[in-house]
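Each remark here refers to the structure printed beneath this line.
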Amino acid sequence: MAERVQQPPAKRFCCRPGYSTACRQGLRAGGAVCGTSASAQGGSGKTPESLLDIAARKVAEKWPFQRVEERFERIPEPVQRRIVYWSFPRSEREICMYSSFNTGGEESAAAGEGSDETRLPFRRGVALLESGCVDNVLQVGFHLSGTVTEPATPSEPEMVCSVAISFDRCKITSVTCSCGNKDIFYCAHVVALSLYRVRRPEQVKLHLPISETLFQMNRDQLQKFVQYLITVHHTEVLPTAQKLADEILSQNSEINQVHGAPDPTAGASVDDENCWHLDEEQVREQVKLFLSQGGYHGSGKQLNLLFSKVREMLKMRDSNGARMLTLITEQFMADPRLALWRQQGTTMTDKYRQLWDELGALWMCIVLNPHCKSEQKASWLRQLKKWNGVDVCPWEDGNHGNELPNLTNALPQGAHANQDSSARPHRTVFTRAIEACDLHWQDSHLQHIISDDLYTNYCYHDSTENSLFDSRGWPLWHEHVPTACARVDALRSHGYPREALRLAIAIVNTLRRQQQKQLEFFRKHKNETLYKGMTTITNLEGWVGHPLDPIGTLFSTLMESARGVEESSADFSAGTTSSSKHGDVHMFPTARRFLEEGESYLALAVETALMGLGQQRIMPEGLYAQEKVCRNEEHLIAKLQEVELDDTLVKIFRKQAVLLLESGPYSGLGEIICRESVPMHTFAKYLFTSLLPHDAELAYKIALRAMRLPVMEAVAPSGDMSRPHNIVSVVPNRYARWFTISHIESQQCELASTMLTAAKGDARRLETVLESIQKNIHSSSHIFKLAQDAFKIATLMDSLPDITLLKVSLELGLQVMRMTLSTLNWRRREMVRWLVTCATEVGVYALDSIMQSWFALFTPTEATSIVATAVLSSSTAARLRLDARQQEKLASSARTLALQCAVKDPASCALSALTLCEKEPAAFETAYQIALDAAPAAMTHAQLFTIARYMEHRGYPARAYKLATLAMTHLSLAYNQDTHPAINDVLWACALSHSLGKSELAAIIPLVVKSVKCATVLSDILRRCTLATVPTPPLHGRRNATPKLMSLDKAPLRQLLDATIGAYINTTHSRLTHISPRHYGEFIEFLGKARDTFLMAHDGHVQFAQFIDNLKQIYKGKKKLMMLVRERFG
């Protein structure tokens, strides 16, 4: 903590106008050891405590010493000594609380990241005390001082710290330490000195307040005292001493106008607030530092630790709890990021949002303190309203900046059903605390509930809805459930666990009664409700995910009572505490009067959680509120999973499961639910796994009922009653506001997967689960995941394949194929491959079936390139051990599929069809004809060239030539496309034609001349066609053993030569139109290639010379370029 080395000035003035030496006759002003008598040790051993010690202890706890002095004219010195002795704190608990973690500097990690506990200030203080590092301990009145030696370390020398502590009414009110450590809580040296006084009071020399000693001195003694004091500390106090002397000697000085003189050892005055020392400035600085770190460096954990410290203070009924929370809140409200987020229209981070939630919940606890004074509550209310009115104050639902309409205003309820959401004031994180300031604890029925374990009324008739007692005479408490539970939380937070438990039991019994009444009402009006297809939205505020966490509060209260970890409170009405411990059955034995026979707090806690989780509730507005619903539900279920189920708890599970199934619109698992209801998937999965070993039928009923997700389904017409739960939503087009829909669907998928796993080997249940999946799950990716899960479970290595589960897996896979057939899905190819694998495991008939119905499952490309190819692979035949007949059947289906696909999409499937039909001549011929027929209109030159190359490879050169000529008609190469990928195909086609004969070459050259305008490509073709100057081996079985050199002056090469020369001329003019100097060299090389082509003609050199002369004339303005042309070509 931030200790100041100098002691602050005393708060009150001391004088003794009625002082008489007679009353102190025989007593010296010197000190005496604190525990010199047996009575001073609090009655330790067998010696009974004296009346003096009993009275002095009570006075020391409650009265400021100034009031004692004012009340009694003369106070015997022994009485003063005992009051001073008992005024120091006797419990280490508070000292530990104020030094239990260090949030700054070198020990920041120790606060919340599991570092060595010996680094905590309290632990270090204990170690210093036990190692004998505390010395020179002196108590003068209400002031304790001493030195603490910090042992040397390899990096630090030994350090002696001077520590001073002031105390009053068993509380440390001020501390200073010369170590200079800055922190919110006490340093280890203060802890060491404090514990020395608590544990070893008999070793502390006790003196009365210094003013008492000075009263016993005469003038000479006083002068000697002052002079010696100045001599010893002349460098520090001499200026101050001279200044005080001057003022005292001055008649009109201010110091002479005041009666008495200050005494720092005389204790507190009547007006002083009696509270433990808390350095407010350090609280502000630390919180500001943590907020500035924006969640980094563990700042979120540190702030949560501060909130925990506030709760710890409240539980100890320490007034610093509210004081510290006020300081924290001020810094939160001053966070500059709030204004920035508001200006930018962005939302705060999730972790930061949770800190604000905890802040609001803590203020709710503080204002609901059952024993706070009205003045204090009024002060808090003013402060809360001030914060609430700040423009950047965060909203409760987390939607700061978003104008989403509240569902409450869209429902046909009340006179203001259609109120515009813009006119509705937004609720901030402080709104509930402000509203709670209007609550009180004076209701006589409430007072009896929390104060009396025997409060019953067996003559009461349970006839009205809001009866004060149930039919058993047990007390009930009818109040808005979150508000009632906030009272429970407030009682627990302020150290009243017994009272909190009594109220919690009354609330739970009320919830039980309401649940039973709702069931009876629904059974009575069931037919009418189902006929109308409507559901009454009974809970606009869900209990799970609510800002006040009512179910979590009830559950924690009952579980803590079950574990017996709470510390009991003695007298609620008096507001005092006791340190006695209590366990499960023996904790509050009389409170068990209001439990069922054989029921425990644990059972009641579990039942409460089940009721809360099963409540039908509307999905709240906004991303944060919806995420909070999911997070709180998962957190509560995680706590339930820690409970080991016994026979009693199983009975409760059965009871609640039946009630939830039969409670109609009041239950999220009822027959009909609102389209906007929070889904029950996560809760149902927990119920299913818990009930399955004990009642499988009930478990499946719960899980299958919970599979619904109405918000994803189309809104049914008002007259459509075929699906009762698919009702007309009271708020149309609300799907867009479900920000957590992806998480919800994943939970739905998890529930279905759990059921599939459990149903393995049970054909009837598998069929039921499959129907539920197909009916309720609308995401193809989740259905695909379920199909994969079912496949893995069915084909586990340690057991034989489960054919029924495999069929379920296949059926789900087929549904995925149908769902994604006409939509884009990046996992589509993976899905198709997996389906073939699954069908292979099922058997031959499954493979044959998917091929015969391919048009409903696959695209033509998928069917030919993936499905049919995989089915006909050797690995499939080996996996299924197929005989010749089975292989032929699959091959026949594959060929049929291939031809159908080729007809539907020849461009993509013709080649695959040819490949699949290779071994069947008739089918192969059909596939070829399909490709030939589709060539003019439906296929590109690249596709046709590919098929042509395939036909040549298979030994059909004539068919390849036919397809190549068709491909040439689709091709067009411009003069500058000398790197076009089709060039190799053109060269291949010309080579194929050349190899087939002169007539074929003569037929294709006109097509080449028409399609190709690129001079370099044409010259390449021309040269290749003139290379056959030596005999070549026979090609494709054709007799042409003595090929002759074809003349360039005759057809067909003459036409190609002329086209090539013309292409060079046209390309030259095109390039010269926009040529730049850096391309001159490249252009000269191009002309060199053109000359080589010109020279292949009979009069080529003449043509080229004329061509060059034309260039010089036309482009004579390009002097440098023409100079280069003349140098190269003359």
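All letters in the sequence shown, in the order written, are residues 770 to 1899 by this note's numbering. Glycine included, C-beta positions come from ideal geometry on N, C-alpha and C.
Counting C-beta atoms within 10 angstroms of its own C-beta, Phe841 has fewer than 16 neighbours from the protein chains shown and is therefore classed as exposed.
Membership of Met928 in any alpha helix (DSSP H) is not indicated; the residue belongs instead to the beta strand (DSSP E) covering Met928 to Asp937. The continuous stretches of beta strand (DSSP E) do not include Val1577, which lies in the alpha helix (DSSP H) extending over residues Ile1572 to Thr1589.
Secondary structure remark: continuous alpha helix (DSSP H) runs of at least 4 residues inside the stretch 1258-1302, in chain order: 1266-1293 and 1295-1301.
Between the stretch 945-965 and the stretch 899-910 there are three or more inter-stretch CB-CB distances shorter than 8 angstroms, so the stretches are counted as touching. Of the residues assessed, Asn987 falls on the exposed side of the cut-off, its CB having fewer than 16 other CB atoms within 10 angstroms.
Per the Cβ contact rule, the stretch 942-951 is not in contact with the stretch 840-856 (fewer than 3 Cβ pairs under 8 angstroms). Here DSSP, grouped into helix, strand and coil, assigns Ser947 to coil. Membership of Glu919 in the beta strand (DSSP E) is indicated by the continuous run His912 to Glu919. Cβ atoms of Glu1268 and Leu1260 come within 8 angstroms of each other, at about 5 angstroms. Burial of Ile1387 is indicated by the presence of at least 16 other C-beta atoms within 10 angstroms of its C-beta. In the DSSP annotation of this structure, the continuous segment of the alpha helix (DSSP H) that includes Lys1561 starts and ends at Ser1549 to Ala1563.
Taking 7 angstroms as the cut-off, the Cβ atoms of Phe1560 and Gly1433 do not count as close.
In the DSSP secondary-structure assignment, Thr1785 is not bridged to any residue. Secondary structure in the stretch 808-852: the alpha helix (DSSP H) runs of 4 residues or longer, each lying completely within the stretch, are 820-831 and 834-840 in chain order. Put simply, the backbone Cα of Ala1453 is about 37 angstroms away from that of Leu1075.
In the structure shown, Gln1384 falls within a strand segment according to DSSP collapsed to helix, strand and coil. When DSSP assignments are scanned along the stretch 1073-1122, no uninterrupted stretch of beta strand (DSSP E) that is 3 or more residues long falls wholly within it. In terms of Cα proximity to Trp1312, the closest of Thr1225, Lys827, Pro1705 and Asn1401 is Asn1401.
Around the beta carbon of Trp1246, a 10 Å sphere encloses 16 or more other beta carbons of the protein chains shown; the residue is thus reported as buried.
Between the alpha carbons of Glu1310 and Thr1377 lies a distance of about 17 angstroms.
Comparing alpha carbon positions, the residue from Leu1414, Ala1563 and Glu1165 closest to Leu1579 is Ala1563. By the Cβ rule, the stretch 1586-1603 counts as touching the stretch 1549-1558, because three or more pairs are nearer than 8 angstroms. In the three-state scheme derived from DSSP, where H, G and I count as helix and E and B as strand, Val1640 is classed as helix.
Comparing C-alpha distances from Ile953 to each of Leu1013, Lys1078 and Glu1365 shows the shortest one belongs to Lys1078. Between Ser980 and Asp1032, the CB-CB gap stays under 7 angstroms. For Asn1401, the secondary structure class from DSSP, reduced to helix, strand or coil, is helix. The beta carbons of Ser914 and Ala933 sit about 5 angstroms from each other, so the pair counts as a contact at 8 angstroms. Taken in chain order, the whole alpha helix (DSSP H) runs of length 4 or more contained in the stretch 1606-1642 are 1613-1621. Approximately 21 angstroms separates the beta-carbon atoms of Cys1794 and Tyr1744; this is outside 8 angstroms, ruling out the contact. DSSP places Val909 in the uninterrupted beta strand (DSSP E) bounded by Val903 to Val909.
DSSP places Ile1546 in the coil class of the three-state scheme, outside both helix and strand. Distances from the alpha-carbon of Leu1590 to those of Leu1565, Val1611 and Trp1623 put Trp1623 closest. Cys1399 and Thr1509 do touch by the CB rule: their CB atoms are close to 6 angstroms apart, below 8 angstroms.
Straight-line spacing of the CA atoms in Glu1204 and Gly1129 works out to 12 angstroms. Of the residues assessed, Ala1682 falls on the buried side of the cut-off, its CB having 16 or more other CB atoms within 10 angstroms.
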